[in-house]
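See structure below.
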Amino acid sequence: MKAKAGLLAMGFLIGMGAMAGSAPVVAEPIYKSAPVVGENQNVRNLFRLRCGSCHGPDGEGTDHDYPQLAPALKGNPFVQHSPPAALIQVIRKGRTGTQRLYHESYPNMPAFGAEAVPDVDALVRFLQSDLQR
2 MKAKAGLLAM GFLIGMGAMA GSAPVVAEPI YKSAPVVGEN QNVRNLFRLR CGSCHGPDGE
62 GTDHDYPQLA PALKGNPFVQ HSPPAALIQV IRKGRTGTQR LYHESYPNMP AFGAEAVPDV
122 DALVRFLQSD LQR
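Residues in the sequence shown are numbered consecutively from 2, following my numbering.
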């Protein structure tokens, strides 16, 4: 029994030695929509909390996922070129009914009031600048 345990330990140590010389493995984050840490990341975290579940954590949309919940905001002409007031209206009032402002195939978007998105102006600036990079 001691011999088996010794061989097992030796194999483990040899395996660890082989791993020590190899390059470290960098894995992608498990939760892509997890909060981001760092200075001035509050608006990005607000986006991930309120918008990321439907529009994707980086604004890439859900065109390639099922169910298709929302269009991409990154690279979206409506987001890039609309006046801030139009984006604020979509955030505050949502999108309901049969007439759509941007795309016909996605479900309705809920309205986000001041309690859910307290600084809507900062969110719109983020949507039109940092998210587009």
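We put the CB at the ideal spot given by N, CA and C, even for glycine. This structure is a prediction, so every number in the text was calculated from the model and none was measured.
Applying the 10 Å Cβ sphere with the 16-neighbour rule, what's the burial state of residue i?
i, result
"A56", "Per the sequence shown, the amino acid found at residue 56 is His instead of Ala. That one is buried."
"N71", "Per the sequence shown, residue 71 should be read as Ala rather than Asn. Flag for A71 reads buried."
"R134", "exposed"
"N109", "exposed"
"S83", "buried"
"V118", "buried"
"G114", "exposed"
"P78", "exposed"
"L50", "exposed"
"V37", "exposed"
"F13", "Reliability fails at F13, whose pLDDT of 47 lies under 50, so the model's placement of it is uncertain and no value is given."
The alpha helix (DSSP H) with residue i in it runs from where to where?
i, result
"A87", "P85 to K94"
"F113", "Segment: none, F113 is in no alpha helix (DSSP H) and carries neither H nor E."
"G60", "Unbroken run through G60: none, as it is neither H nor E."
"L128", "V121 to Q129"
"C55", "G53 to H56"
"P78", "P78 to H82"
Using a Cβ-Cβ cutoff of less than 7 Å, which residues in the same chain neighbour residue i once the five nearest sequence positions on both sides are dropped?
i, result
"E61", "A73 and K75"
"D138", "Coverage of the chain is limited to positions 2 through 134, which leaves residue 138 absent and any answer about it impossible."
"A112", "R93, K94 and G95"
"H1", "Limits of the chain in this structure are 2 at one end and 134 at the other, which puts residue 1 out of reach."
Excluding the 5 residues flanking residue i on each side, which residues of the same chain have their C-beta closer than 8 Å to its C-beta?
i, result
"D120", "V44 and L47"
"D122", "P85 and I89"
"V125", "P85, L88, I89 and I92"
"D131", "V44 and R45"
Suppose the cutoff is 6 Å on Cβ atoms and the five residues either side in sequence are ignored; what does the same chain contact list for residue i look like?
i, result
"Q69", "T63"
"V80", "L74 and L128"
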